[in-house]
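Colleague:
Number of protein chains: 8
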Amino acid sequence: MTKIFFLVLLLVSAVFAAADITRVNTITTDAAIEAAEAVLKAARKANHTVAVAVIDRNGKYRLLITDDNAGPQTEESAKRKAFTAVSFGQPTSNLTAAAGGDGVTIHDIPNTLFLAGGVPITYRGAPIGAIGVGGAPSGDMDEAYARAGLATIHL
Amino acid sequence: MTKIFFLVLLLVSAVFAAADITRVNTITTDAAIEAAEAVLKAARKANHTVAVAVIDRNGKYRLLITDDNAGPQTEESAKRKAFTAVSFGQPTSNLTAAAGGDGVTIHDIPNTLFLAGGVPITYRGAPIGAIGVGGAPSGDMDEAYARAGLATIHL
Amino acid sequence: MTKIFFLVLLLVSAVFAAADITRVNTITTDAAIEAAEAVLKAARKANHTVAVAVIDRNGKYRLLITDDNAGPQTEESAKRKAFTAVSFGQPTSNLTAAAGGDGVTIHDIPNTLFLAGGVPITYRGAPIGAIGVGGAPSGDMDEAYARAGLATIHL
Amino acid sequence: MTKIFFLVLLLVSAVFAAADITRVNTITTDAAIEAAEAVLKAARKANHTVAVAVIDRNGKYRLLITDDNAGPQTEESAKRKAFTAVSFGQPTSNLTAAAGGDGVTIHDIPNTLFLAGGVPITYRGAPIGAIGVGGAPSGDMDEAYARAGLATIHL
Amino acid sequence: MTKIFFLVLLLVSAVFAAADITRVNTITTDAAIEAAEAVLKAARKANHTVAVAVIDRNGKYRLLITDDNAGPQTEESAKRKAFTAVSFGQPTSNLTAAAGGDGVTIHDIPNTLFLAGGVPITYRGAPIGAIGVGGAPSGDMDEAYARAGLATIHL
Amino acid sequence: MTKIFFLVLLLVSAVFAAADITRVNTITTDAAIEAAEAVLKAARKANHTVAVAVIDRNGKYRLLITDDNAGPQTEESAKRKAFTAVSFGQPTSNLTAAAGGDGVTIHDIPNTLFLAGGVPITYRGAPIGAIGVGGAPSGDMDEAYARAGLATIHL
Amino acid sequence: MTKIFFLVLLLVSAVFAAADITRVNTITTDAAIEAAEAVLKAARKANHTVAVAVIDRNGKYRLLITDDNAGPQTEESAKRKAFTAVSFGQPTSNLTAAAGGDGVTIHDIPNTLFLAGGVPITYRGAPIGAIGVGGAPSGDMDEAYARAGLATIHL
Amino acid sequence: MTKIFFLVLLLVSAVFAAADITRVNTITTDAAIEAAEAVLKAARKANHTVAVAVIDRNGKYRLLITDDNAGPQTEESAKRKAFTAVSFGQPTSNLTAAAGGDGVTIHDIPNTLFLAGGVPITYRGAPIGAIGVGGAPSGDMDEAYARAGLATIHL
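Order-wise, the sequence lines are chains A, B, C, D, E, F, G and H. End of the first sequence = 155 in our numbering, gap-free, step of one. End of the second sequence = 1155 in our numbering, gap-free, step of one. End of the third sequence = 2155 in our numbering, gap-free, step of one. End of the fourth sequence = 3155 in our numbering, gap-free, step of one. End of the fifth sequence = 4155 in our numbering, gap-free, step of one. End of the sixth sequence = 5155 in our numbering, gap-free, step of one. End of the seventh sequence = 6155 in our numbering, gap-free, step of one. End of the eighth sequence = 7155 in our numbering, gap-free, step of one.
1) Taking Cβ-Cβ distances below 7 Å as the criterion, which residues of the stretch 4024 to 4039 of chain E are in contact with chain A?
2) Do you know offhand how far residue 4001(E)'s Cα is from residue 4022(E)'s?
3) Name the DSSP bridge partner or partners of residue 2025(C)?
4) Alpha carbon to alpha carbon, how far is residue 7118(H) from residue 7085(H)? Give it in angstroms, no decimals.
5) Could you tell me the boundaries of the alpha helix (DSSP H) in which residue 184(A) lies?
6) In chain G, which residues lie less than 7 Å from residue 5150(F) when you measure between Cβ atoms?
7) Please list the segments of the alpha helix (DSSP H) lying wholly inside the stretch 1074 to 1139 of chain B, counting only runs of 4 or more residues, in order along the chain.
8) Can you give me the C-alpha to C-alpha distance between residue 5075(F) and residue 1049(B), rounded to a whole angstrom?
9) List, in chain order, every chain F residue whose beta-carbon is nearer than 8 Å to that of residue 6062(G).
10) Which residue wins for smallest C-alpha separation from residue 5066(F), given the options 5056(F), 5079(F), 5060(F) and 5059(F)?
11) For the putative contact between residue 6099(G) and residue 7104(H), defined by C-beta atoms under 8 Å, what is the C-beta separation to the nearest angstrom?
12) Since residue 6111(G) and residue 6088(G) are thought to touch, with beta carbons under 8 Å apart, how far apart are those beta carbons, to the nearest angstrom?
13) Starting from the beta carbon of residue 5076(F), find every residue of chain G whose beta carbon is closer than 7 Å, and list them in chain order.
14) Does the structure place the stretch 2121 to 2132 of chain C close enough to the stretch 3116 to 3130 of chain D that three or more beta carbon pairs sit under 8 Å?
15) Do we get a CB-CB distance below 9 Å when we pair residue 6072(G) with the residues of chain F?
16) Output needed in chain order: residues of the stretch 2109 to 2127 of chain C with a Cβ under 9 Å from some Cβ in chain D.
17) Please classify residue 153(A): does DSSP put it in a helix, a strand, or coil?
18) By Cβ distance below 7 Å, which residues in the same chain neighbour residue 25(A) in space, the five residues on each side in sequence not counted?
19) Tell me the residue span of the beta strand (DSSP E) that contains residue 53(A).
20) Got a sec? Which residues, its chain only, sit under 8 Å from residue 4055(E) by beta carbon, not counting five neighbours each side?
21) Between 5155(F), 5153(F), 5138(F) and 5154(F), which lies nearest to residue 5043(F) when the distance is taken from Cα to Cα?
22) Under a Cβ-count criterion, where at least 16 other Cβ atoms within 10 Å of its own Cβ denotes burial, should residue 5140(F) be classed as buried or exposed?
23) Do we get a CB-CB distance below 9 Å when we pair residue 1022(B) with the residues of chain G?
24) Grab me the residues of residue 181(A)'s own chain with a C-beta within less than 7 Å of its C-beta, minus the 5 sequence neighbours each way, in chain order.
25) Helix, strand or coil: how does DSSP classify residue 2031(C) here?
26) Taking residue 5153(F) as the query, report the chain H residues whose CB atoms sit under 8 Å from its CB, ordered along the chain.
27) Spell out whether any CB of chain B is found under 9 Å from the CB atom of residue 104(A).
28) For residue 143(A), collect the residues of the same chain with a Cβ closer than 6 Å to its Cβ; drop the 5 residues on either side in sequence, then sort them by chain order.
29) Going by beta-carbon coordinates alone, are residue 6153(G) and residue 1102(B) separated by less than 9 Å?
30) Buried or exposed, going by whether 16 or more other CB atoms sit within 10 Å of the CB of residue 2047(C)?
31) Assuming residue 3109(D) contacts residue 7113(H) under a Cβ cut-off of 8 Å, what Cβ separation, rounded to an integer in Å, is found between them?
32) Who are the near neighbours of residue 4034(E) in its chain, counting only those whose CB is closer than 7 Å to its CB and skipping five residues on each side?
33) Rounded to whole angstroms, how far is the Cβ of residue 3072(D) from the Cβ of residue 2147(C), which I believe are closer than 8 Å?
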């Protein structure tokens, strides 16, 4: 109880003392590993070898794993799907239609990939990271595996 | 008065003395900061977190600011929109139709991005720089914020 | 008062509800701009044209400004000095000796620059960002200007 | 028993049937995860936040994890140490002296980093991968954590 | 006979002793050279100058040869076609329709090229490498030459 | 006369003595400069500021000039148009239709740009280099200027 | 006379009307070509084949020429020497001692090269560009050729 | 006899007709393959697995082969050694002392590597290409294998 009280004080003082500081949320490493293992487990059940990337709000790797014998394109695919999901705060599958329209679209933004398989990690209404999966025979499967990972994260 | 006269002489002599020198105009750092602050203010009023880039005629950064919690895609988006606007001397929104036409278009020129949000800084009829904004829910909003920045520059 | 109480509850609940979330601190955009303006003011007083970079703990730009007529090497210098300071949690001038020793040293780590001019932004004992300055005739001056920026940040 | 016999037949036939095929060994994904978790556990015990990379004989990522709040330089450091260890088949700490000698040395080979913290995964006398760790206050500690990971791999 | 028996024992023991090791198959260097020579021979018969790339499952070069006077675009074309073929386990010509459809497709995956001329090297049902050819007047010819190379590999 | 005879002998002996040597033709530096000056002169007559690139069969720069105040996109545009023209042995304007067709086309080959403005330098039926121009209001004008340069080369 | 008077007025009005505009000086394209030709002439007299780069204050190419048969390292050498000279406002030969000292020096700043052969173009006390030369047997010769180019520029 | 006479005429006419054309010599593809096979044979005799690169005067790949199980650092090492040898027209082992001296040296030129193992292919006194080898336990061995390749080229 005392510990909680202390913590509260600490947090309150932080809010008042440091007007020039702002906080960015991200998932913990342990949560990223647990999510990645769930992704791999789901993919392997279907005999698929995938790469899984977990990135933070800055687009930086928290985790990257390429499963045994995954194709050489899966690493970058997984990363870009996650980058796209955290950038737009939506699953890449929600964005595919907009990106694939005629003319100039968000498709042209560098480092994005609008194939299904990227899902945002949303906390208090804001995207704080994303999971991206590549390597299954279809993007829908990639997304299903990404969601299996997402389901393990306690928000 | 004497000072102005001296200045005039200085400028005139420059014109005659150095035939091998040419001048490139660019906005001042202070103007770039003032413009960026106007961009951020306009975007925040709508609760949007954006990145703003100000570049010169060479495509080089004068200023880059990413607002608190802006997405990882906004930095490069803002830069490329500004690059595109200064390259073609027009707002990117004017160029979207041409870039998005069928077949080979200016869309293929490297480092460009033809989404709305880039506006040129025009001085004596020539583009001397540009402001690019990325991160709002639509390109039209990005452009509105970029124009709020442009409005602060005295040309 | 009610507002504070509510805030406290909010923070406490966050701590308990989301074991998979961790927080990364960074300075606000406004603080970054204020710091940069202090850097430029200090440098201009000595008639020096510099570039100033403010980066976060991920090594990502919060702000980059190159003053009028700053050399082409200053942008990357400022960024790398800031990167180095936030990586090691010390001013680059403290690291110069270690980096410059015989044989293999931290000097070899990619994207670092151990010239003076980078200072960490430290909050609760941890580096949460850094200011890097390049373009003055000596690294000591670059560092003095960076410190002028740091002095404006309320931690 | 039958299963083993079948396996033996399978392997023998492979050897005879495909003279144009050669095999490259690598550790499994599961082994890479287990090793990485051991690295993180050892580092956290000392309150250090590190990045850990596991790569294969081709220098390609099997796994990359950056622990909560690890510095921005740790990802590339971990990767390059692992790259160096698998390239030369020795811990990077064994190579530091040779790399740091006067004049032209192996230090100049691209993508290498000869700071301690990279250890090869050796199987039947050949390096088949490596673990690289970056972010501890000294390279010796990075190596100790890398070895904690190596100890979990059954060869 | 003794030798075979010994080999069998060796392989069996490997299977049991090293649960953390997995094997990746690739073609031998000699097979890659023989295949490349067959590619060149077929192309020259038609007076075409091509580049030929042989890559492994990791997308890494086993071999690259640019024939006398081949165009500057052929090296990267050959590599990317091979990368694409080994990534998807099919000739690039099989993938052209899917990649060229409306909207977002596999076409957007980085480092791919879906023009005809890339053929996978398939062993026991899995792509273990690929041959890519560029520089002939049409992709169909490039593919024919790639297949001439593939025909020399004993699987 | 003696000199010619000597030269003939020299060339003949070369042909016989060095079966392992082959020759690549390229235009001389002086020819490249003369061509570039003709490009600039033609462009300036119409008050256009362009960049002009002359490259060899390897896609390497022989010459690059960006005229006063040319846009930041012109350097890379000029280079890529020249790269494309020497790769395919035709003016880029001839290739625009093929590149801009539906689905997968030569448009996807890296480092190409199929806008008008690139013309090959053809010698004895083979492309030995190219001139690329960028920066005029239309590709047709870019091509006209490139052709003005080509006209000065004696083949 | 009237023309001069008009010009004076124009310049004066510019100074008063546009406080947010600043001017960057650079040499003209024609001056760059003339300088480059002088560099080549001087080098050829000694039978040396060099590359020559002329860059502006932003480090951007105004001109690049590689003479017939110049080595593949000369292009980047010439560019980096020029980059270094314009960054520091001195010939690279003046900087060699400082860059080559023990420990951390300006040598570590990205994109620099402190071998002799780069000379700044100085106008009114400020570096507005530079000429860089690479490919002669010694840096001193490279510098002599660069100076031959510099001598043709009227400042 | 008639054929030779015709050839002579052809060559002579070329010399007179095309003053704007110059010739660059390079080794043939077949010579490159033969040389590479000799390199591999020599290395394998000592049980070493190496990468071998053959490049032309432009620094562009004619051939790259990485032997079975060669380390991930060998490809770039082989290429850079060859690049260095063709740039300076000498074996890299001749250049090691100069490159490894105190202060600023040729060591700083981009894309070079001054470890032994690169040998130029010299024709009529000029470097027209180079062979680079990497992966043996010492540079001297790499050079011996490179020389075994060089010995097969008829100049």
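Positions of the beta carbon are idealized from the N, C-alpha and C atoms, including for glycine. Note that the structure is a prediction, hence the values are computed from the model and not measured.
Modeller: Checking against the coordinates, here is how it stands:
1) The residues in question are 4024.
2) Caution applies to residue 4001(E), whose pLDDT of 37 falls short of 50 and renders its modelled position unreliable; the value that the coordinates give is listed next. So the alpha carbons of these two residues sit roughly 27 Å apart.
3) 23(A)
4) Within the model, the alpha-carbon separation for residue 7085(H) versus residue 7118(H) is close to 5 Å.
5) Look at the range of chain A in this structure, 1 to 155, and you will see that residue 184(A) is not part of it.
6) Correct list: empty, because the minimum Cβ distance to chain G is about 18 Å.
7) 1074 to 1088 and 1092 to 1099
8) 33 Å
9) 5065 and 5066
10) Selected option, being the one with the closest Cα: 5079(F).
11) 5 Å
12) Between residue 6088(G) and residue 6111(G) the Cβ distance is about 12 Å, and since that is not below 8 Å, they are no contact.
13) None at all; the shortest Cβ gap to chain G is about 11 Å.
14) no
15) Output row for residue 6072(G): interface = yes.
16) 2109, 2110, 2111, 2112, 2126 and 2127
17) coil
18) 123 and 128
19) 51 to 56
20) For residue 4055(E), the CB contacts under 8 Å within the same chain, skipping 5 residues up- and downstream, are 4061, 4062, 4079, 4082, 4083, 4086, 4129, 4130 and 4132 in chain order.
21) 5138(F)
22) exposed
23) yes
24) Only positions 1 to 155 of chain A appear in this structure, which leaves residue 181(A) out of reach.
25) helix
26) In chain order: 7020.
27) yes
28) 93, 116 and 117
29) no
30) exposed
31) With a Cβ gap of about 7 Å, residue 3109(D) and residue 7113(H) count as contacting.
32) 4152
33) Actually they are not in contact, since the Cβ atoms of residue 3072(D) and residue 2147(C) sit about 22 Å apart, beyond 8 Å.
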